[in-house]
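Heads up: the sequence shown begins at 1 in the UniProt record's numbering, then just goes up one per residue.
Everything below concerns the one structure shown next.
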Amino acid sequence: MKRESRRMKRMARSHKRKTPGMNLTSLMDVFTILVFFLLTNTSSNEALEPPKVITLPDSVVESKPRETVTLMVTDEEILVESRSVIATAEVIDSEGTIIQAIREAMIAEMDKAITVAAAEVKEGAEDTGEEEAQPEPPEVNILADRTIPFSLLKKVMSSCTDAGYTRVSLAVIQKASQG
Numbered sequence: 001m002k003r004e005s006r007r008m009k010r011m012a013r014s015h016k017r018k019t020p021g022m023n024l025t026s027l028m029d030v031f032t033i034l035v036f037f038l039l040t041n042t043s044s045n046e047a048l049e050p051p052k053v054i055t056l057p058d059s060v061v062e063s064k065p066r067e068t069v070t071l072m073v074t075d076e077e078i079l080v081e082s083r084s085v086i087a088t089a090e091v092i093d094s095e096g097t098i099i100q101a102i103r104e105a106m107i108a109e110m111d112k113a114i115t116v117a118a119a120e121v122k123e124g125a126e127d128t129g130e131e132e133a134q135p136e137p138p139e140v141n142i143l144a145d146r147t148i149p150f151s152l153l154k155k156v157m158s159s160c161t162d163a164g165y166t167r168v169s170l171a172v173i174q175k176a177s178q179g
């Protein structure tokens with residue numbers, strides 16, 4: 001009888017040692033992939049990053065802005081592609097509707113606008129299979145603080161259209177659609 005009891009104890013001990021633990025390798029792989037996915041997709045959530053000095057108005061527009069020439073209107077100055085062009089106070093005090101400093105800066109950026117428009121036309125033609133497509137007119141996105149008076153924006157937009165930019169877009173913050 002002693003033999004059987006020793007044998008039973010040995011079997012019980014070896015059975016306890018072989019209890020498998022949780023295998024966390026596949027779980028860690030899934031979490032690693034999830035973290036990588038979240039990091040890569042959260043960095044590109046907006047087409048235009050508004051600067052801290054500008055508070056954009058809200059809108060329920062569905063489409064995102066395209067890559068174009070960017071003009072910013074702040075309380076202190078007007079910037080074309082992050083380069084200061086003229087003080088906002090000078091534009092407000094001016095009599096004419098076309099501001100020459102803005103017009104000249106926009107003409108200097110015309111090459112970028114035409115290159116971007118041509119790339120979009122080429123991409124659209126490849127998607128539809130067409131060989132020749134009409135180039136889009138140059139476009140400008142205006143980022144203006146919500147407190148900027150419309151008379152100032154009117155002068156800025158007039159200067160842009162006089163420089164040859166026929167498509168003018170005002171940047172806004174997208175809100176959830178109501179419906």
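Idealized CB from N, CA, C, for every residue including glycine.
Report task. Less than 8 Å between the CB atoms is what I'm expecting for A108 and P138, so what's the real figure, rounded? Result -> Position 108 of the sequence shown, counted from the first residue, corresponds to residue 108. Position 138 of the sequence shown, counted from the first residue, corresponds to residue 138. Not really, about 12 Å apart at Cβ, beyond 8 Å.
Requested in this report: With DSSP as the reference, label M91 as helix, strand or coil.
Outcome: Looking up residue 91 in the sequence shown gives position 91. In the sequence on display, residue 91 carries Val and not Met. Looking at V91 - three-state DSSP - the assignment turns out to be helix.
Requested in this report: Count the other CB atoms, across all protein chains shown, that sit within 10 Å of the CB of R146; report buried if there are 16 or more and exposed otherwise.
Outcome: As a working note, residue 146 is residue 146 in the sequence shown. By the 10 Å Cβ count, R146 comes out exposed.
**Report entry** N-terminal and C-terminal residue of the beta strand (DSSP E) that M22 is part of
**Finding:** The residue you call residue 22 lines up with position 22 of the sequence shown. Looking at the DSSP string, M22 is not in any beta strand (DSSP E), and its letter there is neither H nor E.
**Report entry** Sequence-distant residues of the same chain with beta carbon closer than 7 Å to A163, five excluded per side
**Finding:** The residue given as residue 163 occupies position 163 in the sequence shown. So the qualifying residues of the chain are R103, M106, I107.
Report task. Can you tell me which of the three DSSP states R146 falls into? Result -> Here residue 146 refers to the residue found at position 146 of the sequence shown. In this structure, R146 counts as coil in the three-state DSSP scheme.
Query raised in the report: Ends of the beta strand (DSSP E) at E77?
Result: Here residue 77 corresponds to residue number 77 of the sequence shown, with the count starting at 1. Per DSSP, E77 belongs to the beta strand (DSSP E) from 77 to 80.
Query raised in the report: Cβ of L152 within 7 Å of Cβ of I92?
Result: For the purposes of this step, residue 152 is taken as the residue at position 152 of the sequence shown. For the purposes of this step, residue 92 is taken as the residue at position 92 of the sequence shown. A contact, by the Cβ cut-off of 7 Å.
Report task. Please classify M157: is it buried, with 16 or more other beta-carbons within 10 angstroms of its beta-carbon, or exposed? Result -> Within the sequence shown, numbered from 1, the residue matching residue 157 stands at position 157. By the neighbour-count rule (16 or more Cβ atoms within 10 Å), M157 is buried.
Query raised in the report: In chain order, what residues of the same chain have a beta carbon less than 6 Å from the beta carbon of I148, not counting five sequence neighbours either side?
Result: Numbered from 1 along the sequence shown, position 148 holds the residue referred to as residue 148. Here the set comprises V73.
**Report entry** Pairwise C-alpha distance: V140 and K167
**Finding:** For the purposes of this step, residue 167 is identified with residue 167 of the sequence shown, where counting begins at 1. For the purposes of this step, residue 140 is identified with residue 140 of the sequence shown, where counting begins at 1. It is worth fixing the name first, because residue 167 is Arg in this sequence and not Lys. Between R167 and V140, the C-alpha separation is close to 7 Å.
Query raised in the report: Which one of V116, L71, K155, R83 has the shortest CA to CA distance from A89?
Result: The residue you call residue 89 lines up with position 89 of the sequence shown. It is K155 whose Cα lies nearest to the Cα of A89.
Query raised in the report: Roughly how many whole angstroms lie between the Cα atoms of C160 and A87?
Result: Counting from one through the sequence shown, the residue named residue 160 turns up at place 160. Counting from one through the sequence shown, the residue named residue 87 turns up at place 87. One C-alpha to the other measures close to 16 Å.
Report task. Look up V172 in the DSSP assignment and say whether it is helix, strand or coil. Result -> Along the sequence shown, read from residue 1 onward, the residue named residue 172 stands at position 172. Note: V172 maps to coil in three-state DSSP.
Query raised in the report: Taking just the CA atoms, how far does L27 sit from F36?
Result: If you number the sequence shown from 1, residue 36 lands on position 36. If you number the sequence shown from 1, residue 27 lands on position 27. If I take the Cα positions, the gap works out to 14 Å.
Query raised in the report: Cβ atoms of L71 and I142: under 7 Å apart, would you say?
Result: Translated into the one-based positions of the sequence shown, residue 142 becomes position 142. Translated into the one-based positions of the sequence shown, residue 71 becomes position 71. Result yes, Cβ atoms of I142 and L71 sit closer than 7 Å.
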